[in-house]
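This note's numbering applies: residue 24 is where the sequence shown begins, and numbers increase by one.
We put the CB at the ideal spot given by N, CA and C, even for glycine.
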Amino acid sequence: MITIKNGDIIAMHYTGTLEDGQVFDSSIARDEPIRFTVGDAELIPGLEKELLGMAVGEAKRVHVGMMEAYGEWMEELVRDFPRELFPEGMELETGLRFSLSQEEGREMFATITEINGDVITLDANHPLAGENLIFDVEILEIVPDSD
24 MITIKNGDII
34 AMHYTGTLED
44 GQVFDSSIAR
54 DEPIRFTVGD
64 AELIPGLEKE
74 LLGMAVGEAK
84 RVHVGMMEAY
94 GEWMEELVRD
104 FPRELFPEGM
114 ELETGLRFSL
124 SQEEGREMFA
134 TITEINGDVI
144 TLDANHPLAG
154 ENLIFDVEIL
164 EIVPDSD
């Protein structure tokens, strides 16, 4: 029986929920399994390591602590910026999520959490930071690494 190891390409269905049962993502709801190479850091570390050794047709529930998911929510990633730093005419509203280019050329995402006059509060934490996550996964296909 072929089981998942680093370098394999796999297809799987999953449903991700918070501890309170709220669904935050589901490939089943989209009717589109995800396909990725194991070990290429395409998934959060805590989920990826739990897939190792699974076989096609196998399903299980995986609990991933926040430190192996999106980390702790950090106050220092919430900052106020003057409105003038944003493009003129840009429609700003609470909940708007967009990407920011950093000096090193990396991209980060931030969400507007508050607008107070000419002061815009941005939160660069991942929306799931500080959350323990639960994934129900089912392995649909394994293409073994050819190396």
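Verify whether the separation of the beta carbon atoms of residue i and residue j is less than 8 Å.
i: M90; j: P56; result: no
i: E154; j: I135; result: no
i: A147; j: L108; result: no
Counting only the same chain and skipping the five closest in sequence on each side, list residues whose C-beta sits under 6 Å from that of residue i.
i: D48; result: G39
i: R84; result: D159
i: P68; result: E91
i: F59; result: E65
i: D103; result: V142 and T144
i: Y93; result: H149, L151 and A152
Could you please give the first and the last residue of the uninterrupted beta strand (DSSP E) stretch that includes residue i?
i: R53; result: Element bounds for R53: not the beta strand (DSSP E) but the alpha helix (DSSP H), S50 to R53.
i: E21; result: Because the chain here runs from 24 to 170, residue 21 falls outside it and cannot be looked at.
For residue i, which residues of its own chain have a beta-carbon under 7 Å away from its beta-carbon, when the five flanking residues on both sides are left out?
i: M24; result: A78
i: G88; result: G69 and N155
Taking the DSSP output, what are the residues bridged to residue i?
i: D103; result: T144
Taking residue i as part of the alpha helix (DSSP H), name the residues at either end of that continuous run.
i: K28; result: Run containing K28: none; DSSP gives neither H nor E here.
i: E71; result: P68 to L74
Quick one: residues in its chain with C-beta nearer than 8 Å to the C-beta of residue i, no 5 flanking neighbours on either side, listed in chain order?
i: A52; result: T38 and V46
Taking 8 Å as the CB-CB cut-off, is residue i touching chain D?
i: G62; result: No chain D is present in this structure, which holds just one protein chain.
(message) Does the structure place the segment 146 to 163 close enough to the segment 73 to 86 that three or more beta carbon pairs sit under 8 Å?
(response) Inter-segment contact for the segment 73 to 86 and the segment 146 to 163 is present: three or more beta-carbon pairs are separated by less than 8 Å.
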